[in-house]
Amino acid sequence: MLVDDVAEILITEQQIRQRTQELAQAISRDYSGEDLHLICVLKGGVVFLVDLMRELSVPHSVDFMATSSYGADTKTSGVVRILKDLDKSIEGRNVLIVEDIIDTGYTLNYLMRILRERGPASLRICTLLNKQERREVDIAVDYIGFNIPNKFVVGYGLDFNEHYRNLPFVGVLKPELYQA
Ligand code: PRP
Numbered sequence: 457m458l459v460d461d462v463a464e465i466l467i468t469e470q471q472i473r474q475r476t477q478e479l480a481q482a483i484s485r486d487y488s489g490e491d492l493h494l495i496c497v498l499k500g501g502v503v504f505l506v507d508l509m510r511e512l513s514v515p516h517s518v519d520f521m522a523t524s525s526y527g528a529d530t531k532t533s534g535v536v537r538i539l540k541d542l543d544k545s546i547e548g549r550n551v552l553i554v555e556d557i558i559d560t561g562y563t564l565n566y567l568m569r570i571l572r573e574r575g576p577a578s579l580r581i582c583t584l585l586n587k588q589e590r591r592e593v594d595i596a597v598d599y600i601g602f603n604i605p606n607k608f609v610v611g612y613g614l615d616f617n618e619h620y621r622n623l624p625f626v627g628v629l630k631p632e633l634y635q636a
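As numbered in the numbering used here, residues 457 to 636 make up the sequence shown, in order.
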């Protein structure tokens with residue numbers, strides 16, 4: 457079973473639910489009376505998005521983007537490839553990017569740069585997980601679920617070779633599964 461590949465549960469299902477409710481309350485308060493537009497970065501962010509949006513008490517719309525890094529080149533160039541762009545314009549809208557994890561920061565740094573050029577009224581970030589230790593470019597993050605240590609985590613949207621995204625908790629993968 458997938459769960460047997462997990463060495464340690466870092467964040468339980470209950471802790472995620474509780475923190476998601478707290479974040480949703482803060483977001484609902486901050487965007488009260490505003491036109492809120494959520495942008496989910498596929499694929500990892502989708503599990504968090506669907507739970508977060510169901511806790512929001514403010515009306516909002518949703519759009520999706522998919523990105524991929526240019527392999528090893530990302531480390532030096534910070535260039536991210538857009539696999540799927542947004543369906544709708546974000547001009548004049550209050551945009552909140554929803555992510556599962558911020559690691560080096562390259563993905564969001566690039567996304568913030570290109571989305572800002574499209575003229576949103578505001579542009580903020582909400583991430584469930586933040587690995588500050590791994591950061592290589594500075595990112596101002598407005599809503600953070602959990603700061604986590606630099607461990608190989610899976611579950612709740614996060615994958616290893618496309619598996620484990622469906623685990624209801626965030627866990628540390630057993631090292632023997634990804635170490636040669
Ligand atoms: C993960 C995550 C972020 C990015 C963060 O996506 O969802 O988009 O990496 O890393 P960074 O801060 O180092 O740029 P991933 O590329 O694993 O794709 P996935 O969500 O489809 O699994």
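All C-beta atoms in this analysis are idealised placements derived from N, C-alpha and C, irrespective of residue type, glycine included.
inquiry  = Less than 8 Å between the beta carbons of Leu-508 and Val-626, yes or no?
reply    = no
request  = Return the Cβ separation of Thr-523 and Leu-539 in integer angstroms, given the expectation that the two are a contact with Cβ distance under 8 Å.
outcome  = 6 Å
ask   = If you draw a straight line from the C-alpha of Tyr-612 to the C-alpha of Val-497, how long is it?
value = 14 Å
query = In angstroms, rounded to a whole number, what distance separates the CA positions of Arg-485 and Phe-616?
reply = 35 Å
query = Can you name, in chain order, every residue of its own chain whose Cβ lies under 8 Å from the Cβ of Leu-629, other than the five neighbours on each side?
reply = Asp-461, Val-462, Ala-463, Phe-608, Val-609, Val-610, Phe-616, Tyr-620
request  = Mind checking which residues open and close the alpha helix (DSSP H) that includes Ile-483?
outcome  = 469-486
key: Limits of the unbroken alpha helix (DSSP H) element including Glu-555   = Where Glu-555 is concerned, there is no enclosing alpha helix (DSSP H), although the beta strand (DSSP E) it sits in stretches over 550-558.
request  = Using the Cα positions of Gln-481 and Arg-510, report the straight-line distance between them to the nearest angstrom.
outcome  = 11 Å
request  = Give me the Cα-Cα distance between Tyr-566 and Leu-458, rounded to the nearest whole angstrom.
outcome  = 33 Å
key: Near the ligand PRP: Ile-495 beta-carbon under 7 Å from a heavy atom   = no
query = Can you tell me whether Arg-537 is buried or exposed, with buried defined as 16 or more other CB within 10 angstroms of its CB?
reply = exposed
query = DSSP on Ile-581, reduced to helix/strand/coil?
reply = strand
inquiry  = Less than 8 Å between C-beta atoms, sequence neighbours within five positions excluded: which residues of the same chain meet that for Ile-595?
reply    = Ile-558, Gly-561, Leu-564, Asn-565, Met-568, Ile-581
request  = Give a yes or no on whether the C-beta atoms belonging to Val-514 and Leu-492 are separated by under 8 Å.
outcome  = yes
inquiry  = Here's the rule I'm using: 16 or more other beta-carbon atoms within 10 Å means buried, otherwise exposed. How should Glu-555 be labelled?
reply    = buried
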